[in-house]
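What follows is a set of notes on a single structure, which appears directly below.
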Amino acid sequence: MDSNQNTVQFDFVKDKKDLTKTILTDVYNSLIKKGYNPVNQMVGYLISGDPTYITNYNGARALVRKLERDEILEEVLKSYLDIKK
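Numbered by our numbering, the letters in the sequence shown go through residues 562 to 646 in order.
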């Protein structure tokens, strides 16, 4: 039995941000490895919603579809504007 009685705090916002960054980084790297322009491909996906803009290589298409496009855009915009919320 675990003797650690401390309460673990869950930070959904931070975890969501970290997950989004990890997934986008993995998708970016998969697109690079397949010879695509990753920014153009990812923008195409975000604008159109068509998952075929993302390669299946390394499961990148399935990964990116775990996130909602509006949530991706929200995190990208917050990061670009350096908003901490």
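Virtual Cβ for every residue (Gly too), placed ideally from N, Cα, C.
These numbers come from a predicted model, not from an experiment.
Item to check | N- and C-terminal bounds of the alpha helix (DSSP H) containing aspartate 534 | outcome: Residue 534 lies beyond the range of the chain shown here (562 to 646); nothing can be said about it.
Next on the checklist: For the alpha helix (DSSP H) containing asparagine 601, name the first residue and the last one.
Outcome noted: 599-609
Checklist entry - What's the gap between the Cα of glycine 596 and the Cα of threonine 568? => result 46 Å
Checklist entry - threonine 616 by DSSP, collapsed to three states: which one? => result Three-state DSSP puts threonine 616 in coil, outside helix and strand.
Checklist entry - The alpha helix (DSSP H) with arginine 626 in it runs from where to where? => result First-last for arginine 626: undefined, no H or E at that position.
Item to check | Integer Cβ distance of leucine 634 from leucine 607, believed to fall under 8 Å | outcome: Correct: roughly 6 Å between the Cβ atoms.
Item to check | As assigned by DSSP and simplified to three states, the class of asparagine 590 | outcome: helix
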